[in-house]
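Colleague:
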Amino acid sequence: MIQFQNEHVTVFQSALYQTTCTVVDTKDFVLVVDPNWLPHEIQEIQRHVASIQGEKELYLLFTHGDFDHVIGYLAFPGARVIGSKGMQEHPDKEKKVGMIGQFYNDYYIHQPYPIAFPEVDMVIGEDGQQLVIGESTLTFYLAKGHTHDGLFTLIEPLGIWIAGDYLSDFELPFIYHSAKAYEQTLRKAEQILMNHGVSVLVPGHGQTTTSQEEIQRRIQLSQGYLERLISAVTKEETEALTALEKEMAFPSNFTKQCHKDNIAIIRKEYSQGR
Ligand SMILES: [Zn+2]
0 MIQFQNEHVT VFQSALYQTT CTVVDTKDFV LVVDPNWLPH EIQEIQRHVA SIQGEKELYL
60 LFTHGDFDHV IGYLAFPGAR VIGSKGMQEH PDKEKKVGMI GQFYNDYYIH QPYPIAFPEV
120 DMVIGEDGQQ LVIGESTLTF YLAKGHTHDG LFTLIEPLGI WIAGDYLSDF ELPFIYHSAK
180 AYEQTLRKAE QILMNHGVSV LVPGHGQTTT SQEEIQRRIQ LSQGYLERLI SAVTKEETEA
240 LTALEKEMAF PSNFTKQCHK DNIAIIRKEY SQGR
C-alpha cells in the first residue's frame with residue numbers, strides 16, 4: 000500500500016508492523032530502502048521500480064540488519080547495496096536469515112525468492128560519509144542504539160531523511176543494542192534537523208512526515224520516554240516501569256518483551272559501579 004507519494008518519493012507501507020519501504024526516483028538513479036514484508040507487497044514495489052527505472056542504476060539501501068528490513072534483499076538482484084560497516088560485519092547473519100525462513104514457515108508462505116543476508120557493496124563506516132550520484136548527494140550518519148548497525152541517510156537536494164527504526168510517530172524506543180548510544184543518536188538527530196534542509200522524514204515503522212515541528216516532536220517523544228525509563232530503572236520504581244510499558248501502542252507479547260529488553264539493557268549500562 001502506498002502511504003506517501005510526491006514527485007520523487009514513494010513510501011510503501013506493509014500490513015505488518017506499519018513497516019515502510021521508500022523508493023526514491025531521481026534523474027540519475029532509483030533507490031529502494033528496506034523492501035518488505037509480504038510477497039505481494041514486494042511485488043507491488045518491484046512493479047513500481049520496473050515502471051520508473053528505465054536505464055537508471057538501481058541502489059538498495061538497508062537501514063539496519065533486522066530481519067524485517069532485509070527480508071526483500073534478493074527480490075532486487077543486481078542492485079548496488081548500501082549499508083553500514085556494522086551491518087557488513089554483522090555477527091548474527093545466519094540467525095537473521097533463519098528468522099526470515101521461520102517467518103515464512105510460521106505463516107505457510109511459500110518462500111518467494113532465495114533468502115540471504117545482504118552483501119554490502121558500499122560500506123558506511125563514519126558519520127558524514129557521502130555518496131554523490133549525479134546531482135544527488137547522500138550523507139550518512141551512524142545511528143546506533145536500537146541496533147549496533149543503524150544508519151540515517153539524508154538525500155539532498157531533495158531533503159529526504161531515511162531514519163530506519165527511529166523517530167516513529169507512535170513506536171517508542173526499542174533498545175536492542177545500547178540506551179546510551181540511543182540517546183547519542185537522538186542528539187545526532189537534533190543536529191541533523193538543524194544542519195540539513197529536511198523536507199520529508201521516513202521512519203522504519205509508522206507515518207512519513209513533512210513537518211519540522213512533527214520531527215522535533217518525535218525526537219522529544221523518544222528522549223522524554225528514554226529519560227523517564229532510565230530514571231525508573233535506576234531508582235527501581237516498579238510502578239513507574241509498569242506505567243511506562245503501558246505507554247507502548249499496540250500492547251502485545253512483542254511490546255512486553257521489548258520493554259523487558261529495554262530494562263535489562265539500561266540496568267546493565269547504568270548500574271555499573273553500584
Ligand atoms: Zn524494524
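If you count by numbering that gives the first Met the number 0, then the sequence shown holds residues 0 to 273, one letter each, in order.
Built from N, CA and C at the ideal position, the CB exists for glycine as well.
1. Using the C-alpha atoms, what's the distance from residue 96 back to residue 172?
2. Can you check which of these residues, 202, 249, 134, is closest to residue 145 by C-alpha distance?
3. What is the residue span of the alpha helix (DSSP H) that residue 38 lies within?
4. Are residue 206 and residue 52 touching if we call contact CB-CB under 8 Å?
5. What does residue 18 pair with, by DSSP beta-bridge criteria?
6. Quick one: using the 10 Å Cβ neighbour count with 16 as the cut-off for buried, is residue 46 buried or exposed?
7. Secondary structure at residue 149, three-state DSSP: helix, strand or coil?
8. Please find out if some non-hydrogen atom of ligand 1 comes closer than 7 Å to the beta-carbon of residue 260.
9. Measuring alpha carbon to alpha carbon, tell me which residue in 105, 71, 108, 65 is nearest residue 87.
10. Can you tell me where the beta strand (DSSP E) with residue 137 in it begins and where it stops?
11. With a threshold of 7 Å (Cβ to nearest heavy atom), would residue 148 be considered close to ligand 1?
12. Would you list the residues whose beta-carbon is nearer than 7 Å to any heavy atom of ligand 1, in the order they occur in the chain?
13. Beta-carbon within less than 6 Å of residue 41's beta-carbon, same chain only, minus the 5 sequence neighbours each way: which residues are those?
14. Looking only at its chain, what residues have a beta carbon closer than 8 Å to the beta carbon of residue 143, apart from the 5 residues adjacent to it on each side?
15. Work out the CA separation of residue 116 and residue 93 for me, nearest whole Å.
16. With distances taken Cα to Cα, identify the nearest neighbour of residue 137 among 124, 147, 159, 118.
17. What does the alpha-carbon distance come out to for the pair residue 59 and residue 0?
18. According to DSSP, is residue 268 part of a helix, a strand, or is it coil?
19. Give me the residue from 120, 90, 214 with the minimum Cα distance to residue 196.
20. Name the residue from 270, 210, 82 whose alpha carbon lies nearest to the alpha carbon of residue 147.
21. Please report the straight-line C-alpha distance between residue 108 and residue 18, rounded to a whole angstrom.
22. At 4 residues or longer, and completely inside the region 160-227: list those alpha helix (DSSP H) runs for me, N to C.
23. With a CB to CB cut of under 6 Å and the five nearest residues on each side skipped, what residues in its chain are close to residue 124?
24. Using the three-state DSSP reduction, which class does residue 86 fall into: helix, strand or coil?
Modeller: Result, derived from the coordinates:
1. Residue 172 and residue 96 have their C-alpha atoms some 24 Å from each other.
2. Nearest option by C-alpha distance: 202.
3. Counted as a single uninterrupted DSSP element, the alpha helix (DSSP H) harbouring residue 38 occupies residues 38-52.
4. If you check the CB distance, residue 206 and residue 52 do not come in under 8 Å.
5. Answer by DSSP bridge pairing, in chain order: 204.
6. Exposed is the call here.
7. In the three-state reduction of the DSSP assignment, residue 149 falls in the coil class.
8. The beta carbon of residue 260 sits no closer than 7 Å to any heavy atom of ligand 1.
9. Of the candidates 105, 71, 108, 65, the one whose C-alpha sits nearest the C-alpha of residue 87 is 65.
10. Residue 137 -> beta strand (DSSP E) spans 135-141.
11. Outside the cutoff, so no.
12. Ordered along the chain, residues surrounding ligand 1 are 16, 18, 65, 67, 68, 164, 203, 204 [Cβ under 7 Å from any heavy atom].
13. Same-chain partners within the cutoff: 34, 71, 74.
14. Here the set comprises 85, 149, 176, 177, 180, 181, 183, 184.
15. Residue 93 and residue 116 have their C-alpha atoms some 8 Å from each other.
16. Nearest option by C-alpha distance: 159.
17. Roughly 20 Å between the two C-alpha positions.
18. Looking at residue 268 - three-state DSSP - the assignment turns out to be helix.
19. Of the listed residues, the one whose Cα sits closest to residue 196 is 214.
20. Considering only alpha carbons, the answer is 82.
21. Our two residues, residue 108 and residue 18, have alpha carbons roughly 18 Å apart in a direct line.
22. Complete alpha helix (DSSP H) runs here, min 4: 178-194.
23. The answer, listed in chain order, is 84.
24. In this structure, residue 86 counts as helix in the three-state DSSP scheme.
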